[in-house]
Amino acid sequence: NDDLDFSAMWLEALPPAEFTNDDFRNAMSELDQTLDGMARALELSRRQVAYYAKDRPIPRHVGLAVRYLLEHRHSA
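Every letter in the sequence shown is one number past the one before it in the numbering used here, and letter 16, counting from 1, is 1373.
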């Protein structure tokens, strides 16, 4: 079934669901963002960003948002 093939290809193209605290810190560094700057970019509290930079599990939607910022950092 062609519909199923397309869906499987689309799923394979998605980034990994896991986004680690190291990934988050590295992204902040690549984006040259402080805790305050990252909080503004993600529309989160500074405290929540600090938790993600340290050791709290990062929700999938936050990881995807950070990946989006990384992919589009030169567009602005």
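All C-beta atoms in this analysis are idealised placements derived from N, C-alpha and C, irrespective of residue type, glycine included.
Beta-carbon spacing of Phe1381, Ala1410 below 8 Å
Here residue 1381 refers to the residue found at position 24 when the sequence shown is read from its first residue. Here residue 1410 refers to the residue found at position 53 when the sequence shown is read from its first residue. Phe1381 is a Cβ neighbour of Ala1410, given a cutoff of 8 Å.
Only counting the same chain, and skipping five residues up and downstream in sequence, which positions put a Cβ closer than 7 Å to that of Asn1358?
Reading the sequence shown from its first residue, position 1 is the one you call residue 1358. Note that Asn1358 has pLDDT 48, beneath the 50 cutoff, so the model's placement of it is unreliable and the number below is only indicative. Beyond the five residues adjoining it in sequence on each side, Asn1358 comes within less than 7 Å, by CB distance, of no other residue in the same chain.
Where Val1406 and Met1395 are concerned, what is the direct C-alpha to C-alpha distance, given to the nearest angstrom?
Here residue 1406 refers to the residue found at position 49 when the sequence shown is read from its first residue. Here residue 1395 refers to the residue found at position 38 when the sequence shown is read from its first residue. Distance between the alpha carbons of Val1406 and Met1395: 7 Å.
I'd like to check one pair, Asp1412 with Asn1383: are the Cβ atoms closer than 8 Å?
Position 26 of the sequence shown, counted from the first residue, corresponds to residue 1383. Position 55 of the sequence shown, counted from the first residue, corresponds to residue 1412. Against a cut-off of 8 Å, the Cβ pair of Asp1412 and Asn1383 comes out as no contact.
Going by DSSP, what residue range makes up the alpha helix (DSSP H) through Asp1393?
Numbered from its first residue, the sequence shown carries residue 1393 at position 36. Judged by DSSP secondary structure, Asp1393 falls within the alpha helix (DSSP H) whose first and last residues are Leu1392 to Leu1399.
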